[in-house]
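Line by line, the protein sequences give chains A and B. One point on numbering: in the working numbering, the residue at position 136 of the first sequence is 136, and numbering is uninterrupted. One point on numbering: in the working numbering, the residue at position 178 of the second sequence is 178, and numbering is uninterrupted. Accompanying notes for the structure given below.
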Amino acid sequence: ILGGRTSRPGRWPWQCSLQSEPSGHICGCVLIANKWVLTVAHCFEGRENAAVWKVVFGINNLDHPSIFMQTRLVKTIILHPRYNRAVVDYDISIVELNEDINETSYVRPVCLPSREQLVEPDTYCYITGWGHMGNKMPFKLQEGEVRIISLEQCQSYFDMKTITSRMLCAGYESGTVDSCMGDSGGPLVCEQPAGRWTLFGLTSWGSVCFSKVLGPGVYSNVSHFIEWIERQIYIHTFLLN
Amino acid sequence: CIDTSCPDSCGTSFLCDMTNSQTNCSQCEPITLELCMNLPYNYTNYPNYLGHRTQKEASISWESSLFPALVQTNCYKYLMFFACTILVPKCDPQTNQRIPPCRVLCEHSKERCESVLGIVGLQWPEDTDCTQFPEENSDNQTCLTPDEDVEECSPSHFKCRSGRCVLASRRCDGQADCEDDSDEDNCGCRERGLWECPSNKLCIQHAMICDGFPDCPDKVDEKNCSFCKADELECASHDCVPREVWCDGQLDCMDNSDEWNCVTLSKNTSSLAFLTIHRSATDYHVCADEWQEKLSQLACNQMGLGGPSATKIIQENEQLHHQKWLNLHSDWKNKNASTLPALVVKGQSCQSRSKVSLLCSKKDCGRRPAARMSKR
Chain A
1 ILGGRTSRPG RWPWQCSLQS EPSGHICGCV LIANKWVLTV AHCFEGRENA
51 AVWKVVFGIN NLDHPSIFMQ TRLVKTIILH PRYNRAVVDY DISIVELNED
101 INETSYVRPV CLPSREQLVE PDTYCYITGW GHMGNKMPFK LQEGEVRIIS
151 LEQCQSYFDM KTITSRMLCA GYESGTVDSC MGDSGGPLVC EQPAGRWTLF
201 GLTSWGSVCF SKVLGPGVYS NVSHFIEWIE RQIYIHTFLL N
Chain B
1 CIDTSCPDSC GTSFLCDMTN SQTNCSQCEP ITLELCMNLP YNYTNYPNYL
51 GHRTQKEASI SWESSLFPAL VQTNCYKYLM FFACTILVPK CDPQTNQRIP
101 PCRVLCEHSK ERCESVLGIV GLQWPEDTDC TQFPEENSDN QTCLTPDEDV
151 EECSPSHFKC RSGRCVLASR RCDGQADCED DSDEDNCGCR ERGLWECPSN
201 KLCIQHAMIC DGFPDCPDKV DEKNCSFCKA DELECASHDC VPREVWCDGQ
251 LDCMDNSDEW NCVTLSKNTS SLAFLTIHRS ATDYHVCADE WQEKLSQLAC
301 NQMGLGGPSA TKIIQENEQL HHQKWLNLHS DWKNKNASTL PALVVKGQSC
351 QSRSKVSLLC SKKDCGRRPA ARMSKR
């Protein structure tokens, strides 16, 4: 996260770290149910085998395991069938854990939006992750507040790409607060009435973020995929096991 | 990497991907950077002249956005060609040798385009010092110069009638970008090899028709995709299955769509939510004979409502006795089934003449108790 700040333990209990040896942390991810996590499909490029992955919850400092930490292996990776590697469209995947997490104050699922629930431009939301900060890789989880940008305005920043309805844009024209490499798959969450945090985006792509930064970050639009997510979880929970 | 001229191994740098550290960088590799897929050569090797270690890194680099945008200004006819010779340097598969651009190509590009960048406050990419490239035909160093039929525009551009290159995302965007407006001609879906949604003129690729994912607002791209028999139903993936297997708790369609949305709650006038099962694509209520609370929780879980549930048994209203319903299977307790539709059957009488109404709730989510303010 560029232009953010170090977050305090327990502030984002749905944030998880998708890890694979020998690199360790590869991508962010988001807990949406006791046995299910969301992340983006491009994190699995070249590593489609579930056996090489593990998911770590309840940590703040990647380098210091906390007493709240929980680690699970990956049972199933479900990539969106229309994921397009070239243009990074339909960039979403669902991960089934090998067993339920234990829900605590430091490990808890985020809410998913309903199909009709969209986030309006100019809404302020949060992004979090252990990705590049522009000058270094952090150990502690970083958080940044970003503003939702309309798709039309977003397209004007990215001449070379097509911004589709499967995408959501957030950040600032100057790129002062933005996600970066290593944040992919992490959450873009917005606070809803009664203090409920809802997941509207998954960090997906943007312009290069550790040199000349320009334009907002682009996130997978979770509202667009709600029906697909619910169906996959239902089929794998009740019919395939 | 095996060849010392390569960057340091992946172990220290986060951004490499696993395969990179085993790459023998002196090998040529096919060009995959979309921007440079129309060059008079097909192989490259890395790192390139801008320090990018892989084509993937080059594809998200600042320069891979800068050059195509700069090409639109028409500052130099062979700018795109030069940009590609440094983004994906030519590699001769026979000799595994890299062939650089000639110095004159670099100098002409820089002379004519650097000032244009200055106008918008940007600089020419630092790593392109022209003196690093050989003079043309100097001591038999071969280097690259554009020949007459080299493409001025990249595959990411649209070529105006006038010859100018404008970015493909500006083609048919409703604004004329070519001086002769040719980027706004022939903008019908058909002219662009696409399929048009009748309802809103949205253009979609032909591959998206009948692929199981609706793209047009009225889903017309997923209609008339297969012709099932009278006693069959069409799956979302357009294969046909017998009507009676619909919502029977077994997966039959290729995309499992025969088991989607089988358990729902249907409201009636008194806003009671009756448990409804969409068996054989017909809605049935559930007879309350032998009903147990844990079945209510299973039903709510199946609807993604994993919170606590409450059950109400509603006495059937006499004149509605023709209402369709399903009963629990006589020995449902011994069936090794994980879904409610697999535990119910049609065509039995309902002794209690009552049906199941449910109150489900969402599981708690989106709260962060540990982030609570602590009084000091």
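Each residue gets a CB set at the ideal place from its N, CA and C atoms; glycine is no exception.
Of Leu62(A), Ser207(A), Asn102(A), Asn241(A), the smallest CA-CA separation from Trp130(A) is found for Leu62(A). Taking 8 Å as the cut-off, the beta carbon of Asp91(A) is found closer than this to the beta carbon of His42(A). Only those residues of the region 336-348 of chain B whose C-beta falls short of 7 Å from the nearest C-beta of chain A are listed: Ser338, Thr339. Residue contact with chain B for Leu239(A): present (Cβ-Cβ distance below 8 Å to some residue of chain B). For Met80(B), the closest C-alpha among the options Tyr46(B), Glu151(B), Pro40(B) is that of Glu151(B). Between the beta-carbon of Leu239(A) and that of Val222(A) there is about 24 Å, and that puts the pair past the 8 Å contact cut.
In the assembly as shown, Leu73(A) is an exposed residue. Its beta-carbon has fewer than 16 other beta-carbons within 10 Å. Across the set Ser109(B), Ser257(B), Val166(B), Ile277(B), the C-alpha of Ser257(B) shows the shortest separation from the C-alpha of Gly212(B).
Closest in C-alpha terms to Ser93(A), from the list Cys29(A), Glu99(A), Pro138(A), comes Cys29(A). Asn327(B) sits buried, since 16 or more C-beta atoms from the chains shown fall within 10 Å of its C-beta.
According to DSSP, Gln19(A) shares a beta bridge with His25(A), Lys54(A).
Annotation: the continuous alpha helix (DSSP H) that includes Leu79(B) extends over 79-87. At least one CB atom of chain A sits nearer than 8 Å to the CB of Gln302(B). In the displayed model, Trp325(B) falls within a strand according to three-state DSSP.
Put simply, the backbone Cα of Ser266(B) is about 29 Å away from that of Trp197(A). Secondary structure at Glu227(A): helix, using DSSP grouped into helix, strand and coil. Sixteen is the threshold: when 16 or more other Cβ atoms of the shown chains lie within 10 Å of the Cβ of Gly185(A), as they do, the residue is buried. Around the Cβ of Ile313(B), a 10 Å sphere holds fewer than 16 other Cβ atoms; the residue is exposed. Between the alpha carbons of Leu194(B) and Met373(B) lies a gap of roughly 56 Å. A distance below 7 Å between beta-carbons, with the five flanking residues on each side excluded, links Ser20(A) to the following residues of its chain, in chain order: Ile26, Arg47, Val52, Trp53.
Between the beta-carbon of Arg115(A) and that of Glu227(A) there is about 6 Å, and that keeps the pair under the 8 Å contact cut. Residues of the region 190-217 of chain B with a C-beta less than 7 Å from any C-beta of chain A: Phe213, listed in chain order.
With its beta carbon at least 8 Å from every one in chain B, Gly175(A) lies outside the interface. As the crow flies, the alpha-carbon of Cys240(B) is around 35 Å from that of Gln292(B).
Our two residues, Ala281(B) and Trp246(B), have alpha carbons roughly 6 Å apart in a direct line. DSSP places Ser266(B) in the uninterrupted beta strand (DSSP E) bounded by 263-267.
Contact annotation, Phe44(A) with Ile67(A): C-beta distance approximately 30 Å; criterion of less than 8 Å not satisfied. In this structure Lys362(B) is exposed. Its beta-carbon is surrounded by fewer than 16 other beta-carbon atoms within 10 angstroms. Taken in chain order, the region 71-104 of chain A contains no complete alpha helix (DSSP H) segment of 4 residues or longer.
Ser105, Tyr106, Arg108, Pro109, Val110, Cys111, Leu112: these are the residues of the region 104-115 of chain A whose beta carbon lies less than 8 Å from some beta carbon of chain B, given in chain order. By the criterion of at least three beta-carbon pairs nearer than 8 Å, the region 88-105 of chain B is in contact with the region 47-63 of chain B. Note that the C-beta distance between Ser179(A) and Thr203(A) is below 8 Å.
Legend: CB atoms of the region 56-81 of chain B lying less than 7 Å from CB atoms of chain A belong to residues Ile60, Ser61, Trp62, Ser65, Pro68, Ala69. Relative to the Cα of Cys84(B), the nearest Cα in the group Thr73(B), Asp92(B), Pro100(B), Asn96(B) belongs to Pro100(B). The alpha-carbon of Glu232(B) is positioned some 16 Å away from that of Lys223(B). Within the same chain, and ignoring the five residues on either side of Arg164(B) in sequence, the residues whose Cβ sits closer than 8 Å to its Cβ are Gln72, Asn74, Cys178, Glu179.
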